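Chemist: All the letters of the sequence shown, read from the start, carry residue numbers 3 to 365 under our numbering. Virtual Cβ for every residue (Gly too), placed ideally from N, Cα, C. Model, not experiment: these values are computed from the prediction. Can you read through this structure? Questions will come right after.
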Amino acid sequence: MSFFNSQTSCKRPTNFFPFLKQIRFLVQFSRLASTALLVSVLANPSLAASDIPNSDFNGDGKSDILWRHSTNGTNRIWIMNGSTVLTDPVINVDQNLNWKVVGTGDFNGDGKSDILWRNPLNGLNRLWLMNTANIVSSSRLLDVLDINWEVVGVGDFNGDGKSDIFWRHATNGTNRIWIMNGSTVLTDPVINVIPNLNRKVIGTGDFNGDGKSDILWRNLTTGENRVWLMNTAAIISNAQLPVVNDINWQIAGIGDFNADNKSDILWHHSTNGTNRIWIMNGSTVLTDPVINVDPNLNWRVVGTGDYNGDGRADILWRNATNGLNRLWLMNTATITSSSRLVDVTDINWKVVGNGTQYLYPPF
3 MSFFNSQTSC KRPTNFFPFL KQIRFLVQFS RLASTALLVS VLANPSLAAS
53 DIPNSDFNGD GKSDILWRHS TNGTNRIWIM NGSTVLTDPV INVDQNLNWK
103 VVGTGDFNGD GKSDILWRNP LNGLNRLWLM NTANIVSSSR LLDVLDINWE
153 VVGVGDFNGD GKSDIFWRHA TNGTNRIWIM NGSTVLTDPV INVIPNLNRK
203 VIGTGDFNGD GKSDILWRNL TTGENRVWLM NTAAIISNAQ LPVVNDINWQ
253 IAGIGDFNAD NKSDILWHHS TNGTNRIWIM NGSTVLTDPV INVDPNLNWR
303 VVGTGDYNGD GRADILWRNA TNGLNRLWLM NTATITSSSR LVDVTDINWK
353 VVGNGTQYLY PPF
C-alpha cells in the first residue's frame with residue numbers, strides 16, 4: 003500500500019491562501035534567507051543550535067514550513083503542530099527573484115529559526131532574524147562577490163548555540179566556515195581544499211552527539227560517502243562511510259530519527275522509490291532499515307524536521323505534479339502517522355530553507 007494514498011487528511015485552516023491552491027520545494031531567496039533533537043527550545047545559550055528543530059520559527063519545539071513563490075516573490079510560513087497547519091502568515095513580498103533562500107538556522111541563539119539569503123548574481127548576502135513571521139532584523143552580511151562561493155550548509159560548528167555558515171568554492175574546492183554571532187561574522191577560517199568537485203556537501207548534522215555540527219559528503223559519480231566530524235573549523239575525524247555505488251540512491255535528508263541525539267541519514271532511490279534510513283553513531287552505520295517503497299516518483303522528500311515535538315525527525319513530502327503534500331511522523335524507521343496536508347496546487351510555491359543541496363533534479 004502507498005502511504006501517500008492512505009491515512010488521514012488534516013483539516014484545512016480557514017485562512018489558508020484564500021486566493022490560491024498551491025506549492026512545491028526547493029531552496030530560494032528574496033532581497034534582503036538540523037535535525038530533530040527536541041529540547042526545551044527557549045533562549046538558552048547552553049543549547050547547540052542543532053538542538054533546535056529544523057525551521058522552528060516560533061520556538062515551540064516543533065518544525066514549521068517555509069514557502070516562497072518563485073514568480074511573485076511572496077514568502078509564507080506554515081506554523082505547524084504535527085500535521086495541523088495552525089496559521090500561515092505571509093512574511094513579506096520581494097519581487098527580486100535573484101535572491102535565494104540558502105538556509106535557515108538560529109543565528110542569534112533565541113531558540114527561533116532565522117532566514118539566510120544570497121543573491122547569486124551580485125554576491126550580496128542578507129540575514130533575517132525572525133520571531134515567528136516577524137522580521138525583527140534584516141541585516142546585510144559581508145558581500146561575497148565571487149559567485150563561485152556557494153552556501154552549502156548551515157550548522158552550529160562551535161557549539162555556542164548559534165548557527166554558522168559553511169561555504170564551498172565551486173571551481174577550486176576551497177571550504178570555509180563563517181562563525182556567526184547574529185549577523186556578525188566573528189571569524190572565517192578555511193577548513194580544507196577538496197579539488198575533486200564531484201564531491202558534494204550534502205548537508206550538516208551532529209553525527210556524534212557532541213553538540214557541534216558535522217559535514218556529510220557524497221561523491222555523485224563514484225558513490226563514495228564521507229563524514230567530517232568537526233570542532234569549529236578543525237576536522238577531528240575524516241571517516242569514509244559505506245560506499246553506495248548505485249547513484250540512483252540519493253541522500254534526501256538528515257535528522258535524528260531514533261532520538262539518541264545523533265543525526266541519521268535518509269536515503270531515497272530515484273528510480274524504484276525505496277526509502278531507507280542509516281541509523282548513525284558517529285561514522286558508524288548501526289542499522290539501515292527500509293521504511294517503505296512507493297513507485298510513484300512524483301513524490302519528493304522536501305524536508306525533515308520534528309513536527310510533533312517528540313524528539314524524532316519526521317519526513318515532509320511534496321508531489322511535484324499535482325501539488326499534494328504529506329507528512330510522515332516517524333519513530334526510527336516506523337511511520338506512526340501518514341497525513342495529507344493542505345494541498346498547494348500552484349507549483350510555483352516551493353518549500354525552501356531545509357538545507358540539503360543535492361537532493362533531486364529540480365522539478
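#1: I believe residue 104 touches residue 76 by the beta-carbon criterion, under 8 angstroms. Please report the beta-carbon distance rounded to the nearest angstrom.
#2: Measure the CB-CB distance between residue 109 and residue 185 and report whether it falls below 9 angstroms.
#3: With residue 107 and residue 118 assumed to form a contact (beta carbons below 8 angstroms), what rounded beta-carbon distance in angstroms separates them?
#4: Whose C-beta lies closer than 6 angstroms to the C-beta of residue 149 among residues of the same chain, with five residues either side of it excluded?
#5: Rounded to a whole number of angstroms, what is the C-alpha to C-alpha distance between residue 91 and residue 342?
#6: Nearest-angstrom Cα distance between residue 51 and residue 114?
#7: Based on Cα-Cα distance, which residue from 193, 194, 213 and 70 lies nearest to residue 100?
#8: Tell me the residue span of the beta strand (DSSP E) that contains residue 301.
#9: In terms of residues, what are the limits of the beta strand (DSSP E) holding residue 240?
#10: Hey, could you find the ends of the beta strand (DSSP E) residue 166 is sitting in?
#11: Which first and last residues belong to the beta strand (DSSP E) in which residue 106 is found?
#12: Give the range of the beta strand (DSSP E) segment to which residue 153 is assigned.
#13: Quick one: is residue 142 buried, meaning 16 or more other Cβ sit within 10 Å of its Cβ, or exposed?
#14: In whole angstroms, give me the CA-to-CA distance for residue 78 and residue 58.
#15: For residue 223, which of helix, strand or coil comes out of DSSP?
#16: Excluding the 5 residues flanking residue 318 on each side, which residues of the same chain have their C-beta closer than 6 angstroms to its C-beta?
#17: Please tell me whether residue 294 and residue 271 are closer than 9 angstroms, where the distance is taken between their beta carbons.
#18: Residue 277: which of 144, 316, 254 and 98 sits nearest, CA to CA?
#19: Rounded to a whole number of angstroms, what is the C-alpha to C-alpha distance between residue 297 and residue 326?
#20: Can you name the start and end residues of the beta strand (DSSP E) that residue 192 belongs to?
#21: If we call anything under 9 angstroms between Cβ atoms a contact, is residue 93 one with residue 82?
#22: How many angstroms separate the CA atom of residue 323 from the CA atom of residue 236?
#23: DSSP beta-bridge partners for residue 73?
#24: Can you grab the Cα-Cα spacing for the pair residue 366 / residue 111, in whole Å?
#25: How long is the line joining the alpha carbons of residue 265 and residue 98, rounded to whole angstroms?
#26: So, under 8 angstroms CB-CB, residue 310 and residue 64 are touching, yes? Tell me the CB distance rounded to an integer number of Å.
Modeler: The short version:
#1: Between residue 104 and residue 76 the beta-carbon gap is near 18 angstroms, outside 8 angstroms, which marks them as no contact.
#2: Contact flag set, yes.
#3: Taking 8 angstroms as the upper bound for CB-CB distance, residue 107 and residue 118 are in contact here, some 7 angstroms apart.
#4: Residues 122 and 125 of the same chain have their beta carbon placed closer than 6 angstroms to that of residue 149, with the five preceding and five following residues left out of the count.
#5: The straight-line gap from Cα to Cα measures roughly 20 angstroms.
#6: Here residue 51 scores only 48 on pLDDT, less than 50, and its place in the model is too uncertain to base an answer on.
#7: Among 193, 194, 213 and 70, the Cα nearest to that of residue 100 is on 70.
#8: Residue range 301 to 307 is occupied by the beta strand (DSSP E) that includes residue 301.
#9: Start and end: 236 to 242.
#10: In the DSSP assignment, residue 166 falls within the unbroken beta strand (DSSP E) covering 166 to 171.
#11: First-last of the beta strand (DSSP E) with residue 106: 102 to 107.
#12: Note, residue 153: beta strand (DSSP E), 151 to 157.
#13: By the Cβ-count criterion, residue 142 is exposed, with fewer than 16 other Cβ atoms from all chains shown falling within 10 Å of its own Cβ.
#14: Rounded to the nearest angstrom, the two C-alpha atoms are 14 angstroms apart.
#15: Here residue 223 sits in coil by DSSP.
#16: 304, 305 and 329.
#17: No.
#18: Across the set 144, 316, 254 and 98, the C-alpha of 254 shows the shortest separation from the C-alpha of residue 277.
#19: Here the alpha carbon of residue 297 sits roughly 16 angstroms from the alpha carbon of residue 326.
#20: 192 to 195 is the extent of the beta strand (DSSP E) around residue 192.
#21: Not a contact, by the Cβ cut-off of 9 angstroms.
#22: Those two C-alpha atoms are separated by around 43 angstroms.
#23: Answer is none; residue 73 lacks a bridge partner.
#24: Residue numbering for the chain in the displayed model covers 3 to 365; residue 366 lies beyond these limits and cannot be assessed.
#25: When the Cα atoms are used, residue 265 and residue 98 turn out to be separated by approximately 35 angstroms.
#26: Residue 64 and residue 310 do touch by the CB rule: their CB atoms are close to 7 angstroms apart, below 8 angstroms.
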